[in-house]
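Trainee:
See the structure below:
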(Lines of atoms letter the chains of each structure in order from A and count residues from 1; the text may use other names and numbers.)
(Lines give C-alpha, C1' and ligand atoms only; values in the text may rest on other atoms or scores of the structure.)
Protein backbone atom coordinates (compact mmCIF):
# COMPACT_ATOMS: atom_id res chain seq x y z
CA UNK A 1 0.00 0.00 0.00
CA UNK A 2 1.33 3.42 -0.95
CA UNK A 3 1.94 5.88 1.86
CA UNK A 4 -0.41 8.84 2.29
CA UNK A 5 2.55 11.20 1.87
CA UNK A 6 3.38 9.73 -1.56
CA UNK A 7 -0.25 9.99 -2.67
CA UNK A 8 -0.54 13.56 -1.39
CA UNK A 9 2.46 14.64 -3.46
CA UNK A 10 0.89 13.09 -6.56
CA UNK A 11 -2.43 14.86 -5.95
CA UNK A 12 -0.73 18.22 -5.53
CA UNK A 13 1.02 17.68 -8.86
CA UNK A 14 -2.25 16.70 -10.60
CA UNK A 15 -3.94 19.84 -9.26
CA UNK A 16 -1.00 22.03 -10.29
CA UNK A 17 -1.18 20.76 -13.88
CA UNK A 18 -4.96 20.39 -14.34
CA UNK A 19 -6.33 22.99 -11.93
CA UNK A 20 -8.86 20.49 -10.50
CA UNK A 21 -9.10 19.38 -6.89
CA UNK A 22 -8.77 15.63 -6.47
CA UNK A 23 -8.62 12.86 -3.88
CA UNK A 24 -7.60 9.20 -3.58
CA UNK A 25 -9.64 6.50 -1.81
CA UNK A 26 -8.97 2.90 -0.83
CA UNK A 27 -11.08 -0.27 -1.26
CA UNK A 28 -12.89 0.47 2.01
CA UNK A 29 -14.12 3.80 0.60
CA UNK A 30 -11.83 5.67 3.00
CA UNK A 31 -10.16 8.86 1.82
CA UNK A 32 -6.36 8.52 1.91
CA UNK A 33 -5.45 12.04 0.73
CA UNK A 34 -7.10 15.09 -0.84
CA UNK A 35 -6.18 18.54 -2.14
CA UNK A 36 -9.35 20.10 -0.75
CA UNK A 37 -11.46 18.42 1.90
CA UNK A 38 -14.56 20.32 0.73
CA UNK A 39 -14.17 19.02 -2.84
CA UNK A 40 -14.24 15.32 -1.91
CA UNK A 41 -17.02 13.15 -3.37
CA UNK A 42 -19.45 11.27 -1.18
CA UNK A 43 -18.21 7.90 0.10
CA UNK A 44 -21.26 6.15 -1.36
CA UNK A 45 -20.18 7.23 -4.89
CA UNK A 46 -16.81 5.57 -4.34
CA UNK A 47 -18.49 2.44 -2.96
CA UNK A 48 -20.77 2.30 -6.00
CA UNK A 49 -17.77 2.38 -8.37
CA UNK A 50 -16.06 -0.44 -6.43
CA UNK A 51 -19.21 -2.58 -6.55
CA UNK A 52 -19.67 -1.90 -10.25
CA UNK A 53 -16.01 -2.79 -10.91
CA UNK A 54 -16.43 -6.13 -9.14
CA UNK A 55 -19.53 -6.91 -11.22
CA UNK A 56 -18.62 -5.53 -14.65
CA UNK A 57 -14.94 -4.62 -14.52
CA UNK A 58 -15.72 -0.95 -15.29
CA UNK A 59 -12.97 1.35 -13.99
CA UNK A 60 -14.48 4.78 -14.73
CA UNK A 61 -17.65 6.54 -13.68
CA UNK A 62 -18.86 10.10 -14.21
CA UNK A 63 -21.55 11.73 -12.09
CA UNK A 64 -21.13 14.87 -10.05
CA UNK A 65 -17.41 14.15 -10.34
CA UNK A 66 -15.13 11.83 -12.33
CA UNK A 67 -13.99 8.62 -10.65
CA UNK A 68 -11.21 6.32 -11.84
CA UNK A 69 -10.19 2.96 -10.36
CA UNK A 70 -7.01 0.90 -10.61
CA UNK A 71 -6.08 -2.41 -8.96
CA UNK A 72 -2.44 -2.92 -8.08
CA UNK A 73 -0.77 -5.48 -5.83
CA UNK A 74 -4.14 -6.65 -4.47
CA UNK A 75 -5.09 -3.09 -3.50
CA UNK A 76 -7.72 -0.83 -5.06
CA UNK A 77 -7.08 2.88 -5.55
CA UNK A 78 -9.84 5.28 -6.61
CA UNK A 79 -8.93 8.71 -7.95
CA UNK A 80 -11.72 11.30 -7.76
CA UNK A 81 -11.53 14.47 -9.89
CA UNK A 82 -13.74 17.46 -9.00
CA UNK A 83 -14.88 17.94 -12.57
CA UNK A 84 -16.58 16.07 -15.44
CA UNK A 85 -15.40 17.86 -18.59
CA UNK A 86 -12.91 16.42 -21.06
CA UNK A 87 -9.97 18.12 -19.36
CA UNK A 88 -10.87 16.62 -15.96
CA UNK A 89 -11.32 13.16 -17.50
CA UNK A 90 -7.97 13.39 -19.31
CA UNK A 91 -6.23 14.54 -16.12
CA UNK A 92 -7.87 11.70 -14.19
CA UNK A 93 -6.71 9.08 -16.69
CA UNK A 94 -3.15 10.37 -16.59
CA UNK A 95 -3.32 10.56 -12.80
CA UNK A 96 -4.55 6.99 -12.35
CA UNK A 97 -1.84 5.75 -14.73
CA UNK A 98 0.79 7.53 -12.64
CA UNK A 99 -0.75 6.11 -9.46
CA UNK A 100 -0.51 2.61 -10.93
CA UNK A 101 3.17 3.15 -11.76
CA UNK A 102 3.92 4.33 -8.23
CA UNK A 103 2.17 1.27 -6.80
CA UNK A 104 4.19 -0.97 -9.11
CA UNK A 105 7.47 0.62 -8.00
CA UNK A 106 6.40 0.30 -4.38
CA UNK A 107 5.59 -3.37 -4.93
CA UNK A 108 9.06 -3.91 -6.41
CA UNK A 109 10.63 -2.29 -3.35
CA UNK A 110 8.58 -4.47 -1.03
CA UNK A 111 9.52 -7.59 -3.00
CA UNK A 112 13.20 -6.67 -2.72
CA UNK A 113 12.83 -5.99 0.99
CA UNK A 114 11.22 -9.39 1.60
CA UNK A 115 13.89 -11.08 -0.51
CA UNK A 116 16.73 -9.43 1.43
CA UNK A 117 15.10 -10.36 4.74
CA UNK A 118 14.75 -14.00 3.68
CA UNK A 119 18.31 -14.00 2.35
CA UNK A 120 19.71 -12.63 5.61
CA UNK A 121 17.80 -15.18 7.68
CA UNK A 122 19.05 -17.99 5.43
CA UNK A 123 15.48 -18.98 4.53
CA UNK A 124 16.07 -19.48 0.78
CA UNK A 125 17.34 -22.40 -1.24
CA UNK A 126 20.29 -21.67 -3.50
CA UNK A 127 18.15 -22.00 -6.63
CA UNK A 128 15.59 -19.55 -5.17
CA UNK A 129 18.32 -17.02 -4.47
CA UNK A 130 19.46 -17.03 -8.09
CA UNK A 131 15.94 -17.04 -9.56
CA UNK A 132 14.59 -14.23 -7.38
CA UNK A 133 17.75 -12.14 -7.76
CA UNK A 134 17.39 -12.39 -11.54
CA UNK A 135 13.71 -11.39 -11.39
CA UNK A 136 14.45 -8.43 -9.10
CA UNK A 137 17.55 -7.42 -11.11
CA UNK A 138 19.87 -7.77 -8.11
CA UNK A 139 23.48 -8.65 -9.10
CA UNK A 140 24.52 -12.07 -7.84
CA UNK A 141 28.27 -11.50 -8.09
CA UNK A 142 29.04 -8.33 -6.15
CA UNK A 143 31.35 -7.55 -3.24
CA UNK A 144 29.19 -6.76 -0.21
CA UNK A 145 29.37 -6.38 3.56
CA UNK A 146 26.59 -6.39 6.16
CA UNK A 147 26.33 -3.70 8.83
CA UNK A 148 24.20 -4.21 11.92
CA UNK A 149 23.00 -0.98 13.55
CA UNK A 150 21.69 -1.02 17.12
CA UNK A 151 19.90 2.22 18.15
CA UNK A 152 19.96 3.27 21.79
CA UNK A 153 16.53 4.37 23.02
CA UNK A 154 15.22 5.32 19.58
CA UNK A 155 12.63 4.23 17.07
CA UNK A 156 13.85 1.82 14.41
CA UNK A 157 11.98 3.76 11.74
CA UNK A 158 13.96 6.95 12.40
CA UNK A 159 17.29 5.18 11.97
CA UNK A 160 16.03 3.23 8.97
CA UNK A 161 14.82 6.34 7.16
CA UNK A 162 18.09 8.17 7.85
CA UNK A 163 20.09 5.26 6.45
CA UNK A 164 17.89 5.23 3.35
CA UNK A 165 18.70 8.89 2.89
CA UNK A 166 22.43 8.26 3.18
CA UNK A 167 22.63 5.43 0.65
CA UNK A 168 21.04 4.48 -2.69
CA UNK A 169 18.70 2.03 -1.00
CA UNK A 170 17.05 -0.39 -3.41
CA UNK A 171 19.52 0.21 -6.24
CA UNK A 172 22.78 -1.25 -4.96
CA UNK A 173 22.38 -1.12 -1.18
CA UNK A 174 19.56 -2.47 0.97
CA UNK A 175 18.40 -1.49 4.46
CA UNK A 176 15.81 -3.43 6.41
CA UNK A 177 14.75 -4.44 9.91
CA UNK A 178 14.05 -8.04 10.91
CA UNK A 179 14.10 -7.82 14.69
CA UNK A 180 13.47 -5.25 17.39
CA UNK A 181 16.13 -2.53 17.69
CA UNK A 182 18.30 -3.90 14.89
CA UNK A 183 18.67 -2.28 11.47
CA UNK A 184 20.55 -4.20 8.78
CA UNK A 185 22.40 -2.50 5.95
CA UNK A 186 23.67 -4.63 3.06
CA UNK A 187 26.31 -2.40 1.46
CA UNK A 188 27.74 -2.94 -2.02
CA UNK A 189 31.48 -2.34 -2.28
CA UNK A 190 33.74 -1.19 -5.06
CA UNK A 191 36.65 -3.48 -6.06
CA UNK A 192 39.13 -1.12 -4.38
CA UNK A 193 37.25 -0.84 -1.06
CA UNK A 194 38.54 -2.92 1.85
CA UNK A 195 38.22 -3.03 5.63
CA UNK A 196 39.77 0.41 6.16
CA UNK A 197 37.03 1.94 4.00
CA UNK A 198 34.36 -0.17 5.73
CA UNK A 199 35.57 1.07 9.13
CA UNK A 200 35.35 4.63 7.83
CA UNK A 201 31.78 4.00 6.56
CA UNK A 202 30.80 2.69 9.99
CA UNK A 203 32.28 5.77 11.70
CA UNK A 204 30.42 8.05 9.28
CA UNK A 205 27.12 6.24 9.94
CA UNK A 206 27.56 6.59 13.71
CA UNK A 207 28.47 10.29 13.44
CA UNK A 208 25.70 11.10 10.93
CA UNK A 209 22.98 9.42 12.99
CA UNK A 210 24.27 11.21 16.06
CA UNK A 211 24.27 14.66 14.43
CA UNK A 212 21.31 14.53 12.02
CA UNK A 213 18.93 12.10 13.71
CA UNK A 214 20.14 12.79 17.26
CA UNK A 215 20.32 9.03 17.82
CA UNK A 216 23.15 7.20 19.55
CA UNK A 217 23.94 3.87 17.90
CA UNK A 218 26.43 1.03 17.99
CA UNK A 219 27.34 -0.63 14.73
CA UNK A 220 29.01 -3.92 13.85
CA UNK A 221 29.98 -5.45 10.54
CA UNK A 222 30.96 -8.86 9.18
CA UNK A 223 33.50 -9.89 6.58
CA UNK A 224 33.40 -9.05 2.88
CA UNK A 225 31.53 -11.58 0.71
CA UNK A 226 31.83 -11.94 -3.04
CA UNK A 227 28.43 -13.46 -3.87
CA UNK A 228 24.83 -12.80 -2.90
CA UNK A 229 24.38 -16.27 -1.39
CA UNK A 230 27.00 -15.46 1.28
CA UNK A 231 25.28 -12.31 2.58
CA UNK A 232 23.69 -14.31 5.42
CA UNK A 233 27.18 -15.32 6.59
CA UNK A 234 28.29 -11.69 6.81
CA UNK A 235 25.10 -10.91 8.76
CA UNK A 236 25.75 -13.71 11.25
CA UNK A 237 29.29 -12.43 11.73
CA UNK A 238 28.01 -8.89 12.35
CA UNK A 239 25.44 -10.24 14.81
CA UNK A 240 28.14 -12.14 16.69
CA UNK A 241 30.38 -9.06 16.74
CA UNK A 242 27.53 -7.03 18.24
CA UNK A 243 26.87 -9.65 20.91
CA UNK A 244 30.56 -10.01 21.82
CA UNK A 245 30.97 -6.24 21.91
CA UNK A 246 27.94 -5.82 24.14
CA UNK A 247 29.54 -8.11 26.72
CA UNK A 248 33.26 -7.33 26.50
CA UNK A 249 33.69 -4.00 24.69
CA UNK A 250 30.80 -1.84 25.86
CA UNK A 251 32.70 1.40 25.21
CA UNK A 252 33.25 0.75 21.50
CA UNK A 253 30.84 2.36 19.05
CA UNK A 254 32.04 0.30 16.06
CA UNK A 255 32.73 -3.43 16.19
CA UNK A 256 34.40 -5.51 13.50
CA UNK A 257 34.06 -9.28 13.34
CA UNK A 258 37.71 -9.48 12.27
CA UNK A 259 38.88 -7.57 15.37
CA UNK A 260 37.23 -9.13 18.42
CA UNK A 261 40.34 -10.36 20.18
CA UNK A 262 40.03 -12.85 23.00
CA UNK A 263 36.37 -11.95 23.41
CA UNK A 264 35.57 -14.06 20.33
CA UNK A 265 37.18 -17.15 21.89
CA UNK A 266 35.49 -16.73 25.26
CA UNK A 267 32.11 -16.14 23.62
CA UNK A 268 32.29 -19.57 21.96
CA UNK A 269 33.30 -21.50 25.08
CA UNK A 270 30.65 -23.84 26.54
CA UNK A 271 29.20 -22.90 29.92
CA UNK A 272 30.64 -26.00 31.62
CA UNK A 273 34.23 -25.04 30.76
CA UNK A 274 33.63 -21.44 31.85
CA UNK A 275 32.29 -22.55 35.24
CA UNK A 276 35.22 -24.93 35.72
CA UNK A 277 37.71 -22.15 34.94
CA UNK A 278 36.03 -19.68 37.30
CA UNK A 279 36.00 -22.26 40.11
CA UNK A 280 39.71 -22.77 39.55
CA UNK A 281 40.64 -19.08 39.53
CA UNK A 282 38.08 -17.63 41.94
CA UNK A 283 37.84 -20.48 44.39
CA UNK A 284 35.19 -19.85 47.01
CA UNK A 285 33.35 -17.22 44.90
CA UNK A 286 36.05 -14.62 45.46
CA UNK A 287 34.61 -12.66 42.53
CA UNK A 288 31.60 -11.75 44.66
CA UNK A 289 33.86 -10.44 47.42
CA UNK A 290 35.76 -7.82 45.42
CA UNK A 291 35.16 -4.22 46.44
CA UNK A 292 34.47 -1.61 43.77
CA UNK A 293 37.73 0.23 44.44
CA UNK A 294 39.67 -3.02 44.00
CA UNK A 295 38.11 -3.73 40.63
CA UNK A 296 38.61 -0.12 39.53
CA UNK A 297 42.25 -0.35 40.54
CA UNK A 298 42.89 -3.57 38.64
CA UNK A 299 41.04 -2.43 35.49
CA UNK A 300 43.05 0.80 35.42
CA UNK A 301 46.21 -1.20 36.13
CA UNK A 302 45.55 -3.32 33.03
CA UNK A 303 44.77 -0.26 30.91
CA UNK A 304 48.17 1.18 31.85
CA UNK A 305 50.16 -1.95 30.98
CA UNK A 306 50.80 -3.01 34.59
CA UNK A 307 52.56 0.27 35.34
CA UNK A 308 52.19 1.02 39.08
CA UNK A 309 53.22 4.67 38.94
CA UNK A 310 51.05 5.57 35.94
CA UNK A 311 48.04 3.74 37.39
CA UNK A 312 48.41 5.53 40.74
CA UNK A 313 48.56 8.86 38.92
CA UNK A 314 45.42 8.08 36.90
CA UNK A 315 43.54 7.03 40.05
CA UNK A 316 44.82 10.03 42.07
CA UNK A 317 46.03 7.74 44.84
CA UNK A 318 49.41 7.15 46.48
CA UNK A 319 51.52 4.37 45.02
CA UNK A 320 51.39 2.48 48.32
CA UNK A 321 47.58 2.70 48.35
CA UNK A 322 47.44 1.08 44.91
CA UNK A 323 49.87 -1.66 45.97
CA UNK A 324 47.72 -2.32 49.04
CA UNK A 325 44.59 -2.77 46.88
CA UNK A 326 46.39 -5.11 44.49
CA UNK A 327 47.69 -7.14 47.43
CA UNK A 328 44.11 -7.48 48.73
CA UNK A 329 43.19 -9.06 45.38
CA UNK A 330 46.17 -11.41 45.74
CA UNK A 331 44.99 -12.54 49.16
CA UNK A 332 41.50 -13.30 47.80
CA UNK A 333 42.59 -15.12 44.63
CA UNK A 334 46.19 -16.14 45.07
CA UNK A 335 47.00 -14.16 41.90
CA UNK A 336 49.57 -11.38 41.94
CA UNK A 337 48.37 -9.16 39.09
CA UNK A 338 51.73 -7.36 39.09
CA UNK A 339 53.11 -10.53 37.47
CA UNK A 340 52.28 -10.80 33.79
CA UNK A 341 51.08 -14.44 33.84
CA UNK A 342 48.82 -13.90 36.84
CA UNK A 343 47.55 -10.64 35.33
CA UNK A 344 46.56 -12.48 32.12
CA UNK A 345 44.81 -15.21 34.10
CA UNK A 346 42.92 -12.67 36.18
CA UNK A 347 41.88 -10.60 33.15
CA UNK A 348 40.63 -13.65 31.26
CA UNK A 349 38.73 -14.74 34.38
CA UNK A 350 37.01 -11.35 34.57
CA UNK A 351 35.96 -11.68 30.92
CA UNK A 352 34.71 -15.23 31.44
CA UNK A 353 32.69 -14.04 34.42
CA UNK A 354 31.12 -11.29 32.25
CA UNK A 355 30.31 -13.90 29.62
CA UNK A 356 28.63 -16.17 32.19
CA UNK A 357 26.61 -13.29 33.60
CA UNK A 358 25.44 -12.30 30.11
CA UNK A 359 24.41 -15.90 29.37
CA UNK A 360 22.37 -16.08 32.56
CA UNK A 361 20.62 -12.78 31.78
CA UNK A 362 19.87 -13.97 28.25
CA UNK A 363 18.35 -17.22 29.45
CA UNK A 364 16.39 -15.71 32.33
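Numbering (UniProt numbering), first residue to last: 1 to 364.
Every residue gets a Cβ at the ideal spot worked out from N, C-alpha and C, and that includes glycine.
For the alpha helix (DSSP H) that contains residue 60, what are its first and last residues?
Mentor: Locating residue 60 in the chain shown gives position 60, counting from the first residue. Unbroken run through residue 60 is the beta strand (DSSP E), 60–62; no alpha helix (DSSP H).
Trainee: According to DSSP, residue 6 sits in a beta bridge with which residue or residues?
Mentor: Start at 1 with the first residue of the chain shown, and residue 6 comes out as number 6. DSSP, once it has assigned bridges, lists no residue as partnering residue 6.
Trainee: Count the CB pairs spanning the region 112–120 and the region 170–189 that are closer than 8 Å, and state whether there are at least three.
Mentor: Yes, the region 112–120 touches the region 170–189.
Trainee: Restricting to runs no shorter than 4 residues, where is the alpha helix (DSSP H) found entirely within the UniProt domain "CdaR GGDEF-like" (128–244)?
Mentor: Runs of the alpha helix (DSSP H) inside the UniProt domain "CdaR GGDEF-like" (128–244): 156–166 and 195–211.
Trainee: Considering Cα atoms alone, identify which of 54, 318, 80 and 53 is closest to residue 7.
Mentor: Taking the first residue of the chain shown as position 1, residue 7 is located at position 7. Closest option to residue 7, Cα to Cα, is 80.
Trainee: Mind checking which residues open and close the alpha helix (DSSP H) that includes residue 318?
Mentor: Within the chain shown, residue 318 is the residue found at index 318, counting from 1. Where residue 318 is concerned, there is no enclosing alpha helix (DSSP H), given that its DSSP letter is neither H nor E.
Trainee: First and last residue of the beta strand (DSSP E) that includes residue 340?
Mentor: Here the question's residue 340 lines up with position 340 in the chain shown. Element bounds for residue 340: not the beta strand (DSSP E) but the alpha helix (DSSP H), 340–363.
Trainee: Less than 8 Å between C-beta atoms, sequence neighbours within five positions excluded: which residues of the same chain meet that for residue 278?
Mentor: Looking up residue 278 in the chain shown gives position 278. 287, 349, 352, 353 and 356, listed in sequence order.
Trainee: Figure out for me which residue from 271, 50 and 304 has the closest Cα to the Cα of residue 363.
Mentor: Here the question's residue 363 lines up with position 363 in the chain shown. That would be 271, whose Cα lies nearest to the Cα of residue 363.
Trainee: Go to residue 77, then tell me how far its beta strand (DSSP E) extends in each direction, as first and last residue.
Mentor: Taking the first residue of the chain shown as position 1, residue 77 is located at position 77. Run containing residue 77: 75–81, per the beta strand (DSSP E) assignment.
Trainee: May I have the straight-line CA-CA distance separating residue 361 from residue 78, to the nearest angstrom?
Mentor: Mapped onto the chain shown, residue 361 falls at position 361. Mapped onto the chain shown, residue 78 falls at position 78. Roughly 52 Å between the two C-alpha positions.
Trainee: May I ask you to check if the CB of residue 267 is nearer than 8 Å to at least one heavy atom of the ligand PLP?
Mentor: With respect to the ligand PLP, the structure shown offers nothing to examine, as it has no ligands at all.
Trainee: I'd like the span of the beta strand (DSSP E) that includes residue 256, first residue to last.
Mentor: Reading the chain shown from its first residue, position 256 is the one you call residue 256. Run containing residue 256: 254–256, per the beta strand (DSSP E) assignment.
Trainee: Note the first and the last residue of the continuous beta strand (DSSP E) segment covering residue 24.
Mentor: Counted from its first residue, the chain shown places residue 24 at position 24. It spans 22–25 - the beta strand (DSSP E) in which residue 24 sits, taken as one unbroken run.
Trainee: Expressed to the nearest angstrom, what Euclidean distance is found between the alpha-carbon atoms of residue 72 and residue 359?
Mentor: For this step, residue 72 is matched to residue 72 along the chain shown. For this step, residue 359 is matched to residue 359 along the chain shown. If I take the Cα positions, the gap works out to 48 Å.
Trainee: On the three-state DSSP scale, how would you describe residue 312?
Mentor: Start at 1 with the first residue of the chain shown, and residue 312 comes out as number 312. Note: residue 312 maps to helix in three-state DSSP.
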